[in-house]
Amino acid sequence: MPTPRFLTLDDVAEILNVSWSQAYALVRRKELIAIQIGGRGQWRVEVDELERFIQQKYAEARAGTLPAEPAVAPETDEADAPA
């Protein structure tokens with residue numbers, strides 16, 4: 001039997017050892033690229049995309065970088081505000 005080209009989110013969650021919800025969150029945030037198939041919109045992840053994602057995470061770990069977080073404006077104290 002040939003190796004499947006696509007994985008379900010259950011498969012992805014098992015491979016990454018995370019919950020289905022965490023795998024789905026990666027897809028929603030577009031960190032992991034997936035496509036929707038069928039009328040019920042079931043998600044499928046290409047095996048090559050999952051491998052790319054894993055390699056990207058290793059590269060980030062080696063470089064000591066973290067994914068960009070939304071910038072949070074520092075709180076200002078009214079005493080610091082110009083008069």
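Under full-length UniProt numbering, the first residue of the sequence shown carries the number 1, and numbering increases by one thereafter. Ideal placement from N, C-alpha and C gives every residue a C-beta, glycine not left out. Computed from a predicted model, the values in this text were never measured in an experiment.
### Message
Suppose contacts are defined by Cβ-Cβ distances below 7 angstroms. Is ALA23 in contact with ALA13 by that definition?
### Response
ALA23 is a Cβ neighbour of ALA13, given a cutoff of 7 angstroms.
### Query
Which of the three DSSP states, helix, strand or coil, is assigned to ARG28?
Correct three-state label for ARG28: helix.
### Task
Return the residue from the list PRO4, PHE53, GLY38, ASP11 that minimises the CA-CA distance to ARG29.
Closest by alpha carbon: PHE53.
### Query
Whole beta strand (DSSP E) runs in the UniProt domain "Helix-turn-helix" (6-57) with 3 or more residues, listed along the chain?
If we require 3 residues or more, the beta strand (DSSP E) runs fully inside the UniProt domain "Helix-turn-helix" (6-57) come out as 6-8, 35-37, 42-46.
### Task
Just the C-alpha distance for TRP43 and LEU7, rounded to the nearest angstrom, thanks.
About 8 angstroms.
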